[in-house]
Every structure is written in structure tokens, then in C-alpha cells.
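In order, the protein sequences belong to chains U and W. For the record, in the first sequence the residue sitting at position 17 is 1422 according to our numbering, with numbers rising by one throughout. For the record, in the second sequence the residue sitting at position 25 is 13 according to our numbering, with numbers rising by one throughout. Glycine residues also receive a C-beta, built at the ideal position from the N, C-alpha and C atoms. First comes the structure, then the notes that go with it.
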Amino acid sequence: MTAIEPPSLRAAVPPPASAADEGWAAPAWVPTRALGRTVLLTGLLLVLGVALGRVDLVLLAAPFAIGAAIGLRRMPRSAPELTVDAAEEHIVEGGEVGAGLTVANPDVIPYDLVVVRTRTSPWLDLPDADRPFAVTVAPDGWTAVELPGRATRWGRHEVGPAAARVAACGGLLACRPVVTPARRVRVYPETEPFAATEAMPAAAGLVGNHRSRRPGEGGELAGVRPFAPGDRLRRIDWRVSLRTRDLHVASTLSDRDAEVLLLLDVLGEAGASGGVKGRASVLDTTVRAAAAIAEHYLQRGDRVSLMEYGSSARRLRAATGRRQYLTVLEWLLDVRADTGDQGPHEHVFGAHHVSSDALVVVLTPLVDPRSADMLAGLTQSGRFTVAVDTLPAGAAPPNRSTWTPLATRLWRMERENVLGRLREHGVPVVTWAGAGSLDLVLRDVSRLASAPRGR
Amino acid sequence: MLDGITRRIERTRTVAARATALPLLVRGGIALAFVLALLVAWPSALTSTRYVVLLGLAGVYPAIAPRGRGVTFAVLVVVGGWILDTTWYDARVALWRVLSLAALLYVGHTLAALAAVLPYDALVNVDVVGGWLVRALLVVLISAVLTVITLGLTAELAGGAFLVATLVGLAAAVAVTLLLGRLLRRS
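Encoded structure:
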């Protein structure tokens, strides 16, 4: 009778790599073609010298052998260390950027040649960053390559990935390329000066900077009325009281704050961005205008929230103060055009997400029909909506055939039609032009807000 | 075909526009060293004819493609010419020719090793090329001293050249074998 042997089990965890495998995988240093050539020529010349009895051939081989002996008397053991340095401080587009590459040599022999190269974002104007740099690094030392330059557009721009290839021992040994991941530089948008003097259409909170239409504790004089129980004594207008021989108090309008929602249409990008001093694309205008509007209202003490109209529907909760301004700038850096076909779903974005008292500023190029629908929907639901047209003036599709200009004209006419219909529905549409852009439309919205609401 | 040529012309134009001075000088040094070595090694009867153009091409090619086998080929052409001149044409093994050949071949070889790892459009620190040349000069000096001593010894022995070559060659072969064995053990 034979005993049944248990089936052999396979270890679930792969066995650790053997030392021999590690020994072959680990070396980062490989012989170059120059080393192969040295060995070949030395051997050949020696053989010829011995075979032909020619000492001069042996002497011709001497420099090769001496060069190899001097070069390989000490061998490198560890791989070089490469780091990418990028500026951490707040940089505004058009500002100076400090980037650099540092190669460290942890070995005991010098690196005869280190070729360092890096990729950089096209929006970082770093002179000569597209070229490789050839430097030497002393043993146990480091060498830095400075890459000063300028950031030409807002966003998170990458410096790297960087790679270094080292040659040592007189070029007889070379290191496999060492690659370091990229570092990101945050470049904040340049905010165009923006000021809106018009009152907010609606105020939400009980405190704030905007005079409301309701009487209450505030700074704005609303009128003088007879004293009533409950009025504060310091509100008594003594001059009027003496004249009328009856107590009168000065009534004021209460101060309120307001919520501003900046809705960024990211369904499409149009126009080629030319950087900070060049032509602005849709997203450039959107981001810069959003930053300017947010800065303006946050400085006035209002609460500002942001939302993307796209498939991701990112949003930033409403808050106030300088901290919120910095958060807004950080949030704006991640604005990307929505290239996917998947549109914003109703459950992701809807009028119910927007506070009924908030002033909604929609920054949109009005290229996608869904944007116009969204605007009409917001207005119909009674939100105070202002649309800022962010389409660049000369934006046109690339000329593919003789029919393109005609198609462009048709498209422009259709867009004008959409704009007209939006205005008919009570959505003011204004082209972004920096300071005072929104004054006229805000006046209209305020007037609408003062009218009784409801349909 | 036409596309390929156009692309190649475009690439050459880009290379010419982006190339920097020091890598170009290094490649110029390679060409100069090999052309001079060819002129020194090959018999003057051949170098004064139109065949010199072919030799020039063999000398310049390593400068254009330092990563390829062109460098080994150029060195072999130089050695072949030297053997041809000293055997077929029965030229005398002059000290200056051996010295300059050894120096030029090594300089061409080591500059090709540098050019192989130095991109043509790199911004190069001067100390990279300076240090490289100093090391090459040191090797050339040591081998020159060795050459002078050995050739002097051969002249004194007067006819014992075969014996000296055999001894030096065997010693060098043993040294190279030891060196290679040590390298393999390290890697």
C-alpha cells in the first residue's frame, strides 16, 4: 500500500530574487564601446607585434593599455543621484521662475562627464532648458545646473522628468540613465483689475458690506422716522427732534454680505493661448476673469464659491477672506478643458446646487449648446445670473476647405441668435473687458431683483 | 524616397542650427587626429596621389559617427598603412613616427569616447573637455617615455628587436588578461 503524498503547494508569494540575479540586475555601470575598442586594439596590436616581431606595434598599443589601466584603477560602485529643484514660492504668470538640476556623486571617483537633460513645460520660458548640459562632478560632491526663466501662463507646470547619464573612468564605463520624476511649479493667473461698483442684487447673510434694501443696523442712512419703543437711544436724531419737538431717530439700512458663485464653463477650449502677453484662449480669459472677480468680491467681504460646468463638476465651497482667495487661486490652477464626450449630468449640476440668493456669474464661451440651456435654466429657476462671454474676438475654426469660412459665418450667426435669445430670456451677456465689465449688467440684475419675484 | 531625403536634409539643418562649439571642436579634434595619423602612417607614395581622398574619408568618418565602429576601422586603417609602409615600402621605423602615431591614435580614440557620450547640442563646461585632454596628455606622456626607452633599448640590442617585442608583448598580454579578469570579478 502506498501512502498518498500531499499535493505539492506553490508558494503564493514569489521567492526572493537570488543574490546572483541581484548581482546582474544591480550594476548601473556598463562598459562603453570605447572599452571594447581598447581591449580589441590592444589585443590585436600585441598579437601582431608578437607575430611579426615588431616592437613598434606593441608600442602603438601602449597608450591604449596605459589609458585603460589608469582609467579603471578605481571603479564606480554607486549610481549618481539626480534631483530637480523648482521654485516653491508664489509665482504669478509673467514672473521669474527658479528651477535647477543637481547631480550628486556619492562615489569615491570623479565623474568625468555627466550629461543632464530635462523636459520642461512649454509655458516655462527657461532659456537653454531644451539642451543637454555637460558637467563634471567631483567625488562625494555635487554640481548644480541653474535654469532661471519666466513663467508665461497660469497652471501647474512641470520641470522634468530629468535624466542624467554619467561617463567615468575616461569614458570606458557609462552609467545607465538615471531618471527623476518631474516637479511642479504653481503659476497663479494674473488678475486683471476688476471693480464693480453696483450693489449686489441680493444679500444672504445678516452681516456684510453691502447695503441691503431692508432697514436695520447699518451705516447707510435710509431716513428719519418717529421714535418707537425698542429704538436705541444713540440713534436719536437730536436736531430733528428739537425742531419737531418730538423724538425722531435716524433709520439706517442694514449691511449684508452676499454670495457670489462663479460658474466656469469648461466644456470646450477655443483659441490658441499666447501666454501672459499674447492672445488669450477661452480658458485663459475664464481663469483670469474668475480670479479677478473673486479677488474683488472677497476683498469686499463677500462669500465666493466656484464651480466647473463640465463632466467633473468640481466645486469649491463658499467662504470669505484672504484664505479663500488663495484657495480660489489654487483651485483655478486645475481648470482643464473637458475633452470627453460625457457632458454634465443633471444630478451632478443643477439649479438646486445654486443658492437662491447668490449672484451667479457664468464664464462661458457659449460654444456648446448645453451652456445656453444651462443659463436659461438658471434664469428660469429665479437665480440672479450674469453671463460673461469668454470667446476670443477672432476665434475661428482651422481652415480645412473652401467651405470653412462660410460654415464659420453660419456658426457665428447662430451664436448671435443664441445670445439674442438669452437676452430675451433675461440673461445679460457681457464680453469680458476687465474693470467695469459687469457694472452695466449688474445694474440690470439689481433692477430685476428689486421687482417682485415669482412666476 | 524623396520624403526620406527631405527628412534627412531637415534633420541636418536642425543639427547644424543647434550644434554648439565645444562638441564640434571635439569632433574636429577626432578628424584632425585620425587624418594626421593616416598621413604619418601611410607611405608618402600613396598619400601624394588621389587615394589620399579615400584616406581622408576614413579619417573624417569617426568624427561624424563617433558611436559606431568607424573609430576602430580608422585605427585599423592607420595600423594597416603603417605595416604596409614598413614592410612593403621598407620604410625605417623612425622614433618620431611611432611617437606621433601612438599619440594621435590615442587622442583620436579618447576624443571619440568623449564625443560618443557628449550630445552635439550640449552646453559643455570647459573643465569637462579640459580634464579629458589633461588625462589624455598624461597617458600620451607616459607612453612616449616608454616608447623612447624601448626603442632605445632595441637599438642598443641591435637585432634583438624580435626578442624584445616577444617579451614586451607577452608581458602586456599577461597584464591585459589580469586586468580583464579583475574587471569581470568586479562586475
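Rounded separation between V114/W and V14/W - CA only: 12 Å
Taking CB distances under 9 Å as the criterion, tell me whether T1437/U reaches chain W. yes
Quick check on Y39/W: does DSSP put it in helix, strand or coil? coil
Just checking: is the beta-carbon of A1422/U within a distance shorter than 9 Å of some beta-carbon in chain W? Unreliable placement is indicated for A1422/U, whose pLDDT of 48 sits below 50; the coordinate value is still reported in the next sentence. No, no contact with chain W.
Looking only at its chain, what residues have a beta carbon closer than 8 Å to the beta carbon of T98/W, apart from the 5 residues adjacent to it on each side? W120, R123, A124, V127
For D1651/U and A1627/U, what's the separation of their Cα atoms in angstroms? 19 Å
Please check the pair A1470/U and T1447/U, which I expect to be a contact at CB under 8 Å, by giving their CB distance rounded to whole angstroms. 5 Å
Hey, is A1838/U's beta-carbon within less than 9 Å of any beta-carbon in chain W? no
On a CA-only basis, which of T37/W, V59/W, V116/W is nearest F22/W? Give me that one, please. V59/W
Looking at the C-beta of D1844/U, does it have a partner C-beta in chain W at a distance below 9 Å? no
Along the chain, where does the beta strand (DSSP E) containing E1713/U start, and where does it finish? 1708 to 1714
What's the C-alpha gap between L1668/U and R1570/U? 48 Å
Helix, strand or coil at W1434/U [DSSP, three-state]: strand
Checking contacts by CB at 9 Å: is V28/W closer than that to chain U? no
Would A1484/U and A1492/U be called neighbours here (beta carbons separated by less than 9 Å)? no
Quick check on this structure: which residue in G96/W, W76/W, L87/W has the alpha carbon closest to the alpha carbon of L139/W? L87/W
In the DSSP output, what is S1686/U paired with across the bridge? DSSP lists no partner for S1686/U.
For V1590/U and chain W, any beta-carbon pair shorter than 9 Å? no
Counting only Cβ-Cβ distances shorter than 8 Å, please list the residues of the segment 111 to 124 of chain W near chain U, keeping chain order. L111, V112, N113, D115, V116, G119, W120, R123, A124
Distance cutoff 9 Å, beta carbons only. Does I1514/U sit that close to anything in chain W? no
So is G69/W buried or exposed if we call it buried at 16+ other beta carbons inside 10 Å? buried
With distances taken from CA atoms, which of D1642/U, V1793/U, M1818/U, V1452/U is nearest L155/W? V1452/U
Selection from I1475/U, W1528/U, R1820/U that minimises the alpha carbon distance to E1501/U: W1528/U
According to DSSP, is A1587/U part of a helix, a strand, or is it coil? coil
Helix, strand or coil at P1774/U according to DSSP, with G and I counted as helix: helix
Can you have a look at R1788/U and say buried or exposed, based on whether 16 or more other CB atoms are within 10 angstroms of its CB? buried
Give the list of continuous alpha helix (DSSP H) stretches no shorter than 4 residues that lie fully inside the segment 102 to 163 of chain W. 114 to 145
At 8 Å on the CB atoms, spell out the chain W contacts of D1530/U, in chain order. Those within 8 Å of D1530/U in chain W number zero; the least Cβ separation is about 17 Å.
With 16 other Cβ atoms within 10 Å as the buried cut-off, status of N1510/U: buried
Could you give the first and the last residue of the continuous alpha helix (DSSP H) run that contains F61/W? 58 to 75
Assuming V1687/U and E1674/U are in contact, meaning their beta carbons sit under 8 Å apart, how far apart are those beta carbons, in whole angstroms? 5 Å
Between the alpha carbons of P1582/U and L1703/U, how many angstroms are there, rounded? 49 Å
N- and C-terminal bounds of the beta strand (DSSP E) containing D1517/U: 1516 to 1525
State whether the segment 70 to 89 of chain W contacts the segment -3 to 6 of chain W, with contact taken as three or more CB pairs (one from each stretch) at a distance under 8 Å. no
Cα-Cα separation between V1612/U and E1735/U, rounded to whole angstroms: Here V1612/U scores only 47 on pLDDT, less than 50, and its place in the model is too uncertain to base an answer on.
Any beta carbon from chain W within less than 9 Å of R1442/U's own beta carbon? yes
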